[in-house]
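For the sequence shown, the numbering used here assigns the number 5 to the initial residue and increments by one for each residue that follows.
For glycine and all other residues, C-beta sits at the position ideal for the given N, C-alpha and C.
Computed from a predicted model, the values in this text were never measured in an experiment.
Working notes, beginning with the structure itself.
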Amino acid sequence: MAFLNFLFGDEKSNNTSKIIDKDILLKRERLIELKEILCNYADKVYHKWSSSKLVEEREQLIEASFGLNRFLYELDYDIQSKTYSEGIIEECEDFEKQLRAII
5 MAFLNFLFGD EKSNNTSKII DKDILLKRER LIELKEILCN YADKVYHKWS
55 SSKLVEEREQ LIEASFGLNR FLYELDYDIQ SKTYSEGIIE ECEDFEKQLR
105 AII
């Protein structure tokens with residue numbers, strides 16, 4: 005009987021596979037959504053930098069811009085290499101909070 009379950013795939017393993025696939029798809033969608041949000045912040049950082057007159061604020065925005073660009077590059081690589089983890093999602097959300105505080 006176990007051999008037949010192996011050959012035809014038992015119901016339990018198929019359901020587990022569907023749950024895992026759905027979880028991966030949800031993580032991928034969330035990462036793509038966060039990437040779009042962070043790209044919008046890149047525009048906001050640039051516009052704030054270009055209109056700022058204070059040297060300290062401009063320096064802070066330059067650092068934020070470089071960090072954001074590096075982070076977006078790494079995030080894009082993770083999405084393309086199909087690396088979807090909760091840790092990456094948490095990093096994106098933390099980065100978004102930091103940018104929200106600046107802008």
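For residue i, does the three-state DSSP call read helix, strand or coil?
i: L58; result: coil
i: S85; result: coil
i: I107; result: coil
Below 8 angstroms on the Cβ atoms is my contact criterion, and I expect residue i with residue j to pass it. Report the Cβ-Cβ distance as a whole number of Å.
i: K57; j: I107; result: Actually they do not touch by this definition, with Cβ atoms about 16 angstroms apart.
i: L29; j: L72; result: Not confirmed; about 26 angstroms, so no contact.
If we count the other Cβ atoms within 10 Å of its Cβ and call it buried at 16 or more, is residue i buried or exposed?
i: L79; result: buried
i: A68; result: buried
i: Y88; result: buried
i: Y81; result: exposed
i: Y77; result: exposed
i: Y45; result: buried
Using 8 angstroms as the limit for Cβ to Cβ distance, is residue i near chain D?
i: K101; result: Reference to chain D is not applicable here, since this structure consists of a single protein chain.
Contact the region 87-105 vs the region 24-34: 3+ CB pairs below 8 angstroms: yes
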